[in-house]
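The structure appears right after this line, and notes come after that.
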Amino acid sequence: MNELLEKHWPAIRALILPYLFIFFLLVYPIDYYVTAPGGLSDVGKSISIDFDAGKPIAGSFSSTYVIYVRKPTFFEFFAAYFSPYNDSGQLTPAQLAEDPVQNEQIAYLDHVTSLDASIIVAYEAMAALNPAIRIVYEDKVLVYGKASYLSHYADIGLGDEFVSVLGDGGELVIDYTQIGTFTTVGNLYPFTFRTAAGTEYTLEVLKQPQTGKFGLTFAPFRLVNEEETYPKFTQHSVDIGGPSGGLMQALYIYNVLSPVDITRGLKIAGTGTIGYDGTAGDIGGVKQKIAAAYVYGADLFFVDHHSDTNVYDDYVEALAACEELGIQDTSWIIPVQTFQDCLDYLEGLGD
Amino acid sequence: MKRWLGEWKSLKSEYSLMMVLDALFGAWLLATLAFAPVFLALAELIVVFMQWKVWLFLIITLAAMGYFYLVAHWWFQSLGLKRPDHGCDLVFLRKVHGAFGAALGLAGGLLWTWVLMPIIWI
Numbered sequence: 057m058n059e060l061l062e063k064h065w066p067a068i069r070a071l072i073l074p075y076l077f078i079f080f081l082l083v084y085p086i087d088y089y090v091t092a093p094g095g096l097s098d099v100g101k102s103i104s105i106d107f108d109a110g111k112p113i114a115g116s117f118s119s120t121y122v123i124y125v126r127k128p129t130f131f132e133f134f135a136a137y138f139s140p141y142n143d144s145g146q147l148t149p150a151q152l153a154e155d156p157v158q159n160e161q162i163a164y165l166d167h168v169t170s171l172d173a174s175i176i177v178a179y180e181a182m183a184a185l186n187p188a189i190r191i192v193y194e195d196k197v198l199v200y201g202k203a204s205y206l207s208h209y210a211d212i213g214l215g216d217e218f219v220s221v222l223g224d225g226g227e228l229v230i231d232y233t234q235i236g237t238f239t240t241v242g243n244l245y246p247f248t249f250r251t252a253a254g255t256e257y258t259l260e261v262l263k264q265p266q267t268g269k270f271g272l273t274f275a276p277f278r279l280v281n282e283e284e285t286y287p288k289f290t291q292h293s294v295d296i297g298g299p300s301g302g303l304m305q306a307l308y309i310y311n312v313l314s315p316v317d318i319t320r321g322l323k324i325a326g327t328g329t330i331g332y333d334g335t336a337g338d339i340g341g342v343k344q345k346i347a348a349a350y351v352y353g354a355d356l357f358f359v360d361h362h363s364d365t366n367v368y369d370d371y372v373e374a375l376a377a378c379e380e381l382g383i384q385d386t387s388w389i390i391p392v393q394t395f396q397d398c399l400d401y402l403e404g405l406g407d
Numbered sequence: 013m014k015r016w017l018g019e020w021k022s023l024k025s026e027y028s029l030m031m032v033l034d035a036l037f038g039a040w041l042l043a044t045l046a047f048a049p050v051f052l053a054l055a056e057l058i059v060v061f062m063q064w065k066v067w068l069f070l071i072i073t074l075a076a077m078g079y080f081y082l083v084a085h086w087w088f089q090s091l092g093l094k095r096p097d098h099g100c101d102l103v104f105l106r107k108v109h110g111a112f113g114a115a116l117g118l119a120g121g122l123l124w125t126w127v128l129m130p131i132i133w134i
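Those protein sequence lines, which keep their order, are chains C and B.
To get our numbering, take the position in the first sequence, counting from 1, and add 56.
To get our numbering, take the position in the second sequence, counting from 1, and add 12.
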């Protein structure tokens, strides 16, 4: 080894500083973000339904995902900066203060709860046609965020169900919107939570004097009762977070239950959250999702559309992205407001 | 193959196992340091340009071929520096091992890009 080092030492000595500089560009993270096109994710990989409607499925339903790089290296940032497909910018102080681990957990929670919403919407739509299909769900309030000043930060799990809190004067508060009314700043209150496994636990949580808050964020969700729902389904673990696949998940599940293949043999992609009433909702990263769907050859792309005049409307953004990326044909991008709009469009395609 | 075996036998009789391994380690270390920024840069480009991942993996395949070739090149160059009066044909061994390494890089790269990636990549 020494002989080799000795022979190449002049070159090594000349290159060592440029080498270290290049390595610095490749490993040092900067306070910026990059959003890049990801790809299409086959919805069938995230959920399977134990039901055979006795039909072949010729096409496919895919959600689209984007890559979000928090604190890229100099090299990643400059590579992304000069590409029209990517968006990049500086992280705000609030974004820098965010806990990346908690963000990942929230993205996972969003994904799981969006699957429940998709199941509810698709099963309810199909139950109207097939009485054997039964959907049972429960309204629950889940822990959806934790501030750094929350007492028992590590003990309270994101996604755990809020059960109750014993407020001032011994008032048992089970409505999470009333917690502020029955609690006083500077006091400790026993909060009861329930984990996904069904275990209840109670912790004394302080209403912080500095902020006047407990540091807990709650959000209401509808969770499917798997025992009483027919047909059974299995959720699979995937590395994709967030709720933006909701609309496509609902379409996929509906198609599995439907006696007719609604894909018409097409590679159908799309994006948009799904509300419990079937409404398609806003998402982020439209430009990158359009780019991914275009590159991977989607035949149709459903995107939520609620206003022609709002520049932040997802369909308006999608058209603007096509213009920016030089995509001439936009006929494959289909604006929808609801899950039913998607079904109507596919029905209108005929055989 | 016959000549390759003969040259290997000659090499083993001229050099100790420790010398061969020491030369291999030195070559591996230098080649790894030389190619580390290349692989790192390509991995970061895949994150930012996921839509071109197949092309980027093919470029990584080329880099892997070069990496394996360089390991073989420096391995036998190092052995040549240790014993200038050697009898075995180090240039021939370098060519054979370089070609073998490059083929290994090509096979691994193509296997990953066209077989494994479509199976495991979402």
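Built from N, CA and C at the ideal position, the CB exists for glycine as well.
No experiment lies behind these values; they were computed from the predicted model shown.
Run through DSSP, which three-state label would residue i get?
i: residue 126(C); result: strand
i: residue 90(B); result: helix
i: residue 202(C); result: strand
i: residue 314(C); result: coil
i: residue 170(C); result: helix
i: residue 73(C); result: helix
i: residue 254(C); result: coil
i: residue 368(C); result: coil
i: residue 154(C); result: coil
i: residue 327(C); result: strand
i: residue 291(C); result: strand
i: residue 37(B); result: helix
i: residue 90(C); result: strand
i: residue 63(C); result: helix
i: residue 105(C); result: strand
i: residue 84(B); result: helix
i: residue 78(C); result: helix
i: residue 245(C); result: strand
i: residue 273(C); result: strand
Drop a sphere of 10 angstroms on the beta-carbon of residue i, count the other beta-carbons inside from all chains shown, and report buried for 16 or more, exposed for fewer.
i: residue 256(C); result: exposed
i: residue 2(C); result: Residue 2(C) is absent from the structure shown; chain C starts at 57 and stops at 407.
i: residue 202(C); result: buried
i: residue 187(C); result: exposed
i: residue 142(C); result: buried
i: residue 384(C); result: exposed
i: residue 368(C); result: exposed
i: residue 371(C); result: buried
i: residue 233(C); result: exposed
i: residue 190(C); result: exposed
i: residue 157(C); result: exposed
i: residue 267(C); result: exposed
i: residue 21(B); result: exposed
i: residue 86(C); result: exposed
Could you check the C-alpha separation between residue i and residue j for me, to the nearest Å?
i: residue 260(C); j: residue 150(C); result: 28 Å
i: residue 154(C); j: residue 403(C); result: 44 Å
i: residue 58(B); j: residue 393(C); result: 34 Å
i: residue 77(C); j: residue 293(C); result: 40 Å
i: residue 134(B); j: residue 78(B); result: For residue 134(B), the pLDDT reaches just 48, beneath the cut-off of 50, and the residue's location in the model is therefore unreliable, although a value from the coordinates is still provided. If I take the Cα positions, the gap works out to 29 Å.
i: residue 15(B); j: residue 108(B); result: 10 Å
i: residue 396(C); j: residue 356(C); result: 16 Å
i: residue 49(B); j: residue 297(C); result: 30 Å
i: residue 386(C); j: residue 400(C); result: 19 Å
i: residue 105(C); j: residue 289(C); result: 4 Å
i: residue 373(C); j: residue 262(C); result: 44 Å
i: residue 148(C); j: residue 89(C); result: 10 Å
i: residue 131(C); j: residue 145(C); result: 14 Å
i: residue 169(C); j: residue 305(C); result: 12 Å
i: residue 120(B); j: residue 113(B); result: 10 Å
i: residue 388(C); j: residue 72(B); result: 34 Å
i: residue 111(B); j: residue 124(B); result: 20 Å
i: residue 219(C); j: residue 248(C); result: 5 Å
i: residue 196(C); j: residue 235(C); result: 16 Å
Closer than 6 Å to a non-hydrogen atom of the ligand GTP - does that hold for the CB of residue i?
i: residue 240(C); result: Within the structure as shown, the ligand GTP is missing, as the structure has no ligands at all.
**Message:** So, does the stretch 105-118 of chain C touch the stretch 24-36 of chain B, judging by three or more C-beta pairs under 8 Å?
**Reply:** Contact fails between the stretch 105-118 of chain C and the stretch 24-36 of chain B, because fewer than three Cβ pairs, one in each stretch, are under 8 Å apart.
**Asked** Using Cβ-Cβ distances below 9 Å, what residues of the stretch 99-119 of chain B are close to chain C?
**Response** Answer set for the stretch 99-119 of chain B: empty.
**Asked** Is it true that the stretch 237-255 of chain C meets the stretch 281-296 of chain C, where meeting means three or more beta-carbon pairs spaced less than 8 Å apart?
**Response** No, because fewer than three Cβ pairs between the stretch 237-255 of chain C and the stretch 281-296 of chain C fall closer than 8 Å, the two stretches do not touch.
**Asked** What residues from the stretch 75-94 of chain C come within 8 Å of chain B, judged by C-beta to C-beta, listed N to C?
**Response** Of all residues in the stretch 75-94 of chain C, those with a C-beta nearer than 8 Å to a C-beta of chain B are 75, 78, 79, 82, 83, 90, 92, 93, 94, reading in chain order.
**Prompt:** Is the stretch 60-74 of chain C in contact with the stretch 89-104 of chain C, if contact means three or more CB pairs nearer than 8 Å?
**Reply:** No, the stretch 60-74 of chain C is not in contact with the stretch 89-104 of chain C.
**Message:** Three or more C-beta pairs under 8 Å: does that hold for the stretch 116-133 of chain B against the stretch 87-101 of chain B?
**Reply:** By the Cβ criterion, the stretch 116-133 of chain B is not in contact with the stretch 87-101 of chain B, since fewer than three pairs of Cβ atoms, one from each stretch, lie closer than 8 Å.
**Request:** Return the residues of the stretch 309-322 of chain C that lie within a Cβ-Cβ distance of less than 7 Å from chain B, sorted by chain order.
**Result:** Answer in chain order: no residues at all.
**Item:** chain C contacts made by the stretch 23-36 of chain B, where a contact means CB separation under 8 Å
**Value:** Listed by position along the chain: 34, 35.
**Item:** Near-chain C residues of the stretch 48-70 of chain B - C-beta to any C-beta below 9 Å
**Value:** Going along the stretch 48-70 of chain B in chain order, one finds 48, 49, 52, 53, 56, 57, 59, 60, 61, 62, 63, 64, 65 with a Cβ nearer than 9 Å to chain C.
**Request:** Give, in chain order, every residue of the stretch 340-368 of chain C whose Cβ lies closer than 8 Å to some Cβ of chain B.
**Result:** Flagged, chain order: 347, 348, 351, 352.
**Item:** Near-chain B residues of the stretch 125-137 of chain C - C-beta to any C-beta below 7 Å
**Value:** The stretch 125-137 of chain C vs chain B, Cβ under 7 Å: 125, 129, 131, 132, 135, 136.
**Asked** Should the stretch 204-215 of chain C be called in touch with the stretch 324-336 of chain C, which here means at least 3 C-beta pairs below 8 Å?
**Response** As far as the Cβ criterion goes, the stretch 204-215 of chain C does not touch the stretch 324-336 of chain C, which means the pair count is below three.
**Request:** Take every Cβ of the stretch 342-355 of chain C, pair it with every Cβ of the stretch 310-325 of chain C, and state whether three or more of those distances are shorter than 8 Å.
**Result:** The stretch 342-355 of chain C is in contact with the stretch 310-325 of chain C.
**Item:** Near-chain B residues of the stretch 140-155 of chain C - C-beta to any C-beta below 8 Å
**Value:** Against chain B - using a Cβ distance shorter than 8 Å - the residues of the stretch 140-155 of chain C are 141, 142.
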